[in-house]
Amino acid sequence: MGKTSGFLNPKSISNRIKTKGLQKLRWYCQAYQKQCRDENGFKCRIQSESHQQQILLVGENLGKYIVDYSCKFHSDFFSTLSRSFGRKRILANTVYCEYIKDRHHIHITTTRCLALTGYVRWLGNLCKIEQTERGWYIALIDKDPDAGKREIETERKEKMDMDDEKRRQKLIEE
């Protein structure tokens, strides 16, 4: 029996699965936004001439790159938090897991904050944070000036609806 070559053989299925998902963080080059499958591929990538030239360019202006990565990480993380979880109190690690589902996300290790804990502490002025045994919980603070007006309007509408229902009940009883 000979080898089967094609789309459905085990090796090609394995390779497709590997290229589809995320691999280990330690084999990721943020400068090129390139993910390597294993240690050998990453070692070859690091030793390549084009990678060395890119690292020299990044090294000349390292502060600028760190600031850019920090701003991009913050905007993406914050949009994930507001879009997916709204104003609910949620575990910060859950939000981070949701954020890193995107294959081309900015890794937190390339920002000013090297860990999620440092970033969450920095978020203290934008979010309500709380540390528990399970970890850091975060919740968005509604700083929109129209939010108070909207809340008053919704309360007023609910009160009017309740008044209408009471009137209907009285009419039915009569």
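Here the UniProt record's numbering is used: the first residue of the sequence shown is 1, the next is one more, and so on.
Glycine included, C-beta positions come from ideal geometry on N, C-alpha and C.
Check	Outcome
How would you label residue 138, buried or exposed, when you count the other beta carbons within 10 angstroms and need 16 or more for buried?	buried
Quick one: complete beta strand (DSSP E) runs, 3+ long, within the UniProt domain "DNA/RNA-binding protein Kin17 WH-like" (53-174)?	127-131, 136-140
Determine, using beta carbons only, whether residue 106 and residue 78 come nearer to each other than 8 Å.	no
Figure out for me which residue from 112, 135, 120 has the closest Cα to the Cα of residue 128.	120
Please report the straight-line C-alpha distance between residue 82 and residue 35, rounded to a whole angstrom.	28 Å
Going by DSSP in three states, residue 35 sits in which element: helix, strand or coil?	strand
With a cut-off of 8 Å on the beta carbons, I'd call residue 92 and residue 135 a contact; round off their distance for me.	6 Å
Any idea if residue 7 is buried or exposed, counting beta-carbon neighbours within 10 angstroms, 16 or more meaning buried?	exposed
Below 7 Å CB to CB, which residues in the same chain sit around residue 142 once its five sequence neighbours on both sides are set aside?	87
Just the Cα atoms here: how many angstroms apart are residue 9 and residue 45?	28 Å
Measuring alpha carbon to alpha carbon, tell me which of 90, 32, 37 ends up nearest residue 49.	32
Are the CB atoms of residue 126 and residue 96 within a distance shorter than 8 Å?	no
Taking residue 76 and residue 99 to be in contact with their CB atoms under 8 Å, please state how far apart those CB atoms are, rounded to whole angstroms.	6 Å
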